[in-house]
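Positions 18 to 395 (my numbering) are the ones given, in order, by the sequence shown. Idealized CB from N, CA, C, for every residue including glycine.
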Amino acid sequence: MEQADRIFKQAKPYLGAIALRFASAGMSIISKAALNQGMNQLVTIVYRYSIGAIVVAPFALVLDRKIRPKMTLSIFAKILILGLLEPVIAQSLIYSGTKYTTATFATAMCNILPAFAFLMAWICRMEKVNIRRIRSQAKILGTLVTVGGAMMMTLLKGPMLNLPWTKENNPHSYSSLANKQEPVKAAVVITISSICSSAFTILLAHTIRTYPAELTLTTFICLAGAVESTILALAFEWNNPAAWALHADSILLAALYGGIISSGIAYYLQGVVVKLKGPVFVTAFNPLSMVIVAVISSFIFAETLRLGRVIGAAVIIIGLYLVLWGKSKDQLPLKLGTDNLPTSISHQNSTTTNHHLKPSSDHAQLKATAPTTTVSNA
Numbered sequence: 018m019e020q021a022d023r024i025f026k027q028a029k030p031y032l033g034a035i036a037l038r039f040a041s042a043g044m045s046i047i048s049k050a051a052l053n054q055g056m057n058q059l060v061t062i063v064y065r066y067s068i069g070a071i072v073v074a075p076f077a078l079v080l081d082r083k084i085r086p087k088m089t090l091s092i093f094a095k096i097l098i099l100g101l102l103e104p105v106i107a108q109s110l111i112y113s114g115t116k117y118t119t120a121t122f123a124t125a126m127c128n129i130l131p132a133f134a135f136l137m138a139w140i141c142r143m144e145k146v147n148i149r150r151i152r153s154q155a156k157i158l159g160t161l162v163t164v165g166g167a168m169m170m171t172l173l174k175g176p177m178l179n180l181p182w183t184k185e186n187n188p189h190s191y192s193s194l195a196n197k198q199e200p201v202k203a204a205v206v207i208t209i210s211s212i213c214s215s216a217f218t219i220l221l222a223h224t225i226r227t228y229p230a231e232l233t234l235t236t237f238i239c240l241a242g243a244v245e246s247t248i249l250a251l252a253f254e255w256n257n258p259a260a261w262a263l264h265a266d267s268i269l270l271a272a273l274y275g276g277i278i279s280s281g282i283a284y285y286l287q288g289v290v291v292k293l294k295g296p297v298f299v300t301a302f303n304p305l306s307m308v309i310v311a312v313i314s315s316f317i318f319a320e321t322l323r324l325g326r327v328i329g330a331a332v333i334i335i336g337l338y339l340v341l342w343g344k345s346k347d348q349l350p351l352k353l354g355t356d357n358l359p360t361s362i363s364h365q366n367s368t369t370t371n372h373h374l375k376p377s378s379d380h381a382q383l384k385a386t387a388p389t390t391t392v393s394n395a
């Protein structure tokens with residue numbers, strides 16, 4: 018039984034990261050269907066994050082009541098920036114990018130996100146890089162390969178790869194309602210969105226150190242995103258009341274799924290995985306979303322793949338896992354025991370220079386050595 022518990026604890030961040038990819042894939046499919054039906058992206062973002070805040074808030078009030086830290090001006094400012102980066106800017110841009118291309122292309126382009134996350138983590142000294150070591154070289158090379166793969170996906174087309182179940186001339190296909198595809202414009206917009214999402218993940222890792230109540234933090238981020246997106250939506254849709262109307266269609270589904278799954282549950286899971294494994298790890302499973310979306314889109318939207326884009330996606334995956342291989346040894350110091358601490362804290366804060374954290378029976382010894390302990394930002 019103890020061995021099973023230990024295996025589950027070790028597998029928890031991997032299961033969480035995989036669950037995030039399935040949630041993201043579902044959101045990509047639903048968003049594309051809603052955009053094809055004329056979804057107003059700003060209004061949908063308002064509903065999405067309002068729903069997310071309402072759903073998560075009761076759990077935060079009950080489950081975080083004993084571990085909720087005091088709100089400070091610094092934390093409040095970080096929450097406002099988090100609400101702006103991901104809910105408002107990144108989501109608006111990813112919707113815009115998806116409007117100009119297929120769901121598969123948009124999801125594949127998002128695979129450059131881990132490369133940006135690595136670069137930002139390196140700049141913020143949250144990543145170890147020693148140019149003389151092969152693993153650090155793999156991180157840098159993987160980042161360059163990932164960006165190169167994204168450029169290949171944008172510029173290369175090649176022959177179509179028709180899957181057996183794809184019906185190219187299906188008049189009832191959702192793809193027949195799609196906007197004219199503009200892959201270059203979509204690639205630029207999605208790249209900017211990925212930069213904002215990477216910045217969100219890095220800032221989330223910093224914020225969760227000083228505010229380790231994940232459910233409460235998720236609620237505040239959703240609330241900040243809802244308020245900020247409402248201001249933006251009112252500015253653009255003030256004289257368009259029809260844009261705020263909801264009906265029983267894919268647009269309503271996008272708001273509900275986005276609020277409950279992609280915002281509420283996913284942000285909480287993302288916070289937990291970032292705390293356990295760091296910001297780069299949580300983005301390293303993005304290719305799984307691409308595979309899921311490619312398969313489902315071929316059924317729902319009758320999408321056909323092009324050889325050039327498949328090659329570009331494969332190059333992105335190779336670069337991504339070069340970064341992941343380079344990072345694999347970095348995760349070991351972050352596993353030092355936080356399981357026995359009374360509150361959840363960031364693993365980056367739990368790493369010390371000369372001492373390993375021990376169970377609560379050794380708290381007195383840890384307290385005595387605290388003045389000489391230095392926090393590692395690796």
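- Using a Cβ distance threshold of 8 Å, residue 143 and residue 304 do not count as a contacting pair.
- Two segments are said to touch when three or more pairs of C-beta atoms, one from each, lie closer than 8 Å; by this definition the segment 323-333 touches the segment 167-177.
- Taking the C-beta atoms as reference points, residue 137 is found nearer than 8 Å to residue 219.
- Residue 66 and residue 329 have their C-alpha atoms some 33 Å from each other.
- Collapsing the DSSP output to three states places residue 177 in a strand.
- By the 16-neighbour rule on beta-carbons within 10 angstroms, residue 176 is exposed.
- Check the Cα spacing between residue 214 and each of 251, 288, 107 and 53: the tightest is with 107.
- Residue 322 carries a strand assignment under DSSP once its states are collapsed to helix, strand and coil.
- Distance between residue 224 and residue 293, taken at the CA atoms: about 14 Å.
- If you draw a straight line from the Cα of residue 68 to the Cα of residue 115, it comes to about 22 Å.
- Taking the Cα of residue 336 as reference, the smallest distance to any Cα among 344, 164 and 233 is reached at 164.
- When DSSP states are grouped into helix, strand and coil, residue 263 belongs to the coil group.
- Taking C-beta separations shorter than 6 Å and ignoring five residues to either side along the sequence, the partners of residue 230 in its chain run 81, 84 and 85, following chain order.
- The beta-carbon distance between residue 206 and residue 130, rounded to whole angstroms, is 14 Å. This is too long to meet the 8 Å contact definition.
- DSSP places residue 208 within a helical segment (H, G or I) once states are collapsed to three.
- With a 10 Å radius around the Cβ and a threshold of 16 neighbouring Cβ atoms, residue 25 comes out exposed.
- Residue environment analysis places residue 126 among the buried positions, since at least 16 neighbouring C-beta atoms fall within 10 angstroms of its C-beta.
- As the crow flies, the alpha-carbon of residue 52 is around 39 Å from that of residue 27.
- For residue 80, the enclosing alpha helix (DSSP H) stretches over residues 58-80.
- In the structure shown, residue 84 falls within a coil segment according to DSSP collapsed to helix, strand and coil.
- Note that the segment 337-344 touches the segment 154-164; at least 3 beta-carbon pairs, one per stretch, sit closer than 8 Å.
- DSSP places residue 23 in the uninterrupted alpha helix (DSSP H) bounded by 19-53.
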